[in-house]
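Heads up, the sequence shown is in UniProt numbering, so the first residue is 1 and it goes up one at a time. For glycine and all other residues, C-beta sits at the position ideal for the given N, C-alpha and C. Each remark here refers to the structure printed beneath this line.
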Amino acid sequence: MAATRGEELVKIPRKEWEAIVDRLQCLETRVKQLESNLDTVSGEVSKHHVDNVEFVKSMEFTQENVDELTCRMESQEKEQENTGKWLSDLELYGRRWNLLFHGVQETEQENCTKKVLDVIGGEMKLDTRGMRMCGVHRLGKPRNRSGKPRPIIARFTCRADRDQVWKNKTKLKNKPVFISDDVPYNVRELRKRKLVPFLKRAKSKGKRATIVGDRLVIEGESFAHWRIPSKWLQDAPEAEPENIQRSQETVGNGQHQRDKSQKGNNTPGSSDQSQHATRGGGGRTLRPRSSRGKRN
């Protein structure tokens with residue numbers, strides 16, 4: 001049978017043999033080409049692997065820089081926040097010698113100091129002898145005669161006089177004239193939009209609540225607007241769109257009850273001299289609340 005098979009192979013024409021050889025050579029060429037392509041691909045893969053390793057290292061380095069910058073940015077934001085709070089507290093402290101008198105009739109060539117003393121002595125029945133003020137003037141641009149009178153800002157040279165008037169402000173209840181404390185614009189907006197609604201809710205629950213500076217005091221405990229307990233946040237009434245000064249009639253008496261943590265060494269005075277009284281502190285310096293009493 002083997003001989004028969006060999007005989008059959010011998011009988012294959014030469015041309016067919018050559019064709020078979022050509023096909024084998026073609027296959028061999030294609031295999032070599034594929035091997036070459038595989039080598040090329042392998043080299044590129046190796047190169048990409050190296051590039052990927054370098055990219056990963058670069059990303060790690062970049063991430064470290066990003067983390068460092070993020071940390072520095074957070075530190076700067078915290079420092080800026082603390083500085084802003086310190087400046088706000090300082091401005092609030094400087095304004096504690098001031099009071100605003102609303103509803104006092106406005107006339108031409110008026111003596112604002114005399115009008116304020118008339119309110120204190122006449123309407124409030126307080127002794128004005130020896131009571132001194134400075135920089136007493138109207139706030140804002142003049143209005144027409146039919147308009148609402150502008151408030152009068154008065155800076156007391158003696159803190160005790162100011163506190164006495166402030167504590168007796170309820171004597172003006174149901175009268176066209178009323179008194180409010182002098183606070184910066186941002187604090188007025190904070191009171192109107194955030195603190196006053198919570199104040200109303202706390203009072204509706206029968207709690208003793210008041211606003212001191214930029215903080216809400218409930219049952220003797222002081223809260224900043226960002227850490228008011230959730231029970232006072234639920235169903236809090238909306239702030240009324242009325243003048244914020246009227247809302248301030250509900251605030252407690254006692255700017256002097258400010259946080260004991262406040263301290264510094266600065267002369268009290270209004271930060272906006274174009275809108276507030278001139279300095280009347282006369283060289284007084286800030287001291288920690290625990291050691292500061294009424295000024296004479």
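Going by the beta-carbon positions, is the gap between residue 209 and residue 217 smaller than 8 Å? Taking the first residue of the sequence shown as position 1, residue 209 is located at position 209. Taking the first residue of the sequence shown as position 1, residue 217 is located at position 217. Result yes, Cβ atoms of residue 209 and residue 217 sit closer than 8 Å.
Note down, in chain order, each residue of its chain lying with its Cβ closer than 7 Å to the Cβ of residue 121, except the 5 sequence neighbours on either side. The residue labelled residue 121 in the question sits at position 121 within the sequence shown. Once the five neighbours on either side are set aside, the close Cβ partners of residue 121 are 128.
Around the C-beta of residue 190, are 16 or more other C-beta atoms found within 10 angstroms, so that it is buried, or is it exposed? Position 190 of the sequence shown, counted from the first residue, corresponds to residue 190. Buried: at least 16 other Cβ atoms inside 10 Å.
Do three or more CB pairs link the stretch 92 to 104 to the stretch 173 to 193 at distances below 8 Å? yes
Closest residue to residue 145 among 154, 174 and 105 (Cα-Cα distance): Numbered from its first residue, the sequence shown carries residue 145 at position 145. Residue 105 is the option with its Cα nearest to residue 145.
Please report the residue range of the beta strand (DSSP E) in which residue 98 lies. Translated into the one-based positions of the sequence shown, residue 98 becomes position 98. Where residue 98 is concerned, the enclosing beta strand (DSSP E) stretches over 98 to 102.
Is DSSP giving residue 195 helix, strand or coil here? Counted from its first residue, the sequence shown places residue 195 at position 195. Looking at residue 195 - three-state DSSP - the assignment turns out to be helix.
If you reduce the DSSP assignment to three classes, tell me which class residue 180 lands in. Residue mapping note: residue 180 aligns to position 180 of the sequence shown, counting from 1. Correct three-state label for residue 180: strand.
DSSP puts residue 221 in a beta bridge; with which residues? Indexing the sequence shown from 1 puts residue 221 at position 221. DSSP output for residue 221 lists 218 as bridge partner(s).
Can you tell me the Cα-Cα spacing of residue 158 and residue 134, whole angstroms? Numbered from 1 along the sequence shown, position 158 holds the residue referred to as residue 158. Numbered from 1 along the sequence shown, position 134 holds the residue referred to as residue 134. Each residue's Cα considered, the two are about 10 Å apart.
What number of angstroms, rounded off, separates the C-alpha of residue 72 from the C-alpha of residue 81? Numbered from its first residue, the sequence shown carries residue 72 at position 72. Numbered from its first residue, the sequence shown carries residue 81 at position 81. Cα to Cα, residue 72 sits roughly 14 Å from residue 81.
Range covered by the alpha helix (DSSP H) that runs through residue 84: Within the sequence shown, numbered from 1, the residue matching residue 84 stands at position 84. Its alpha helix (DSSP H) spans residues 14 to 94.
Helix, strand or coil: which one does DSSP assign to residue 253? Position 253 of the sequence shown, counted from the first residue, corresponds to residue 253. Caution applies to residue 253, whose pLDDT of 37 falls short of 50 and renders its modelled position unreliable; the value that the coordinates give is listed next. Of the three classes helix, strand and coil, the one that applies to residue 253 here is coil, per DSSP.
Tell me, please, which residues DSSP counts as bridged to residue 113. Working through the sequence shown from its first residue, we reach residue 113 at position 113. Beta-bridge pairing links residue 113 to no other residue.
Given that a residue counts as buried once 16 or more other Cβ atoms are within 10 Å of its Cβ, and exposed if not, what is residue 211? Numbered from 1 along the sequence shown, position 211 holds the residue referred to as residue 211. Burial call: buried.
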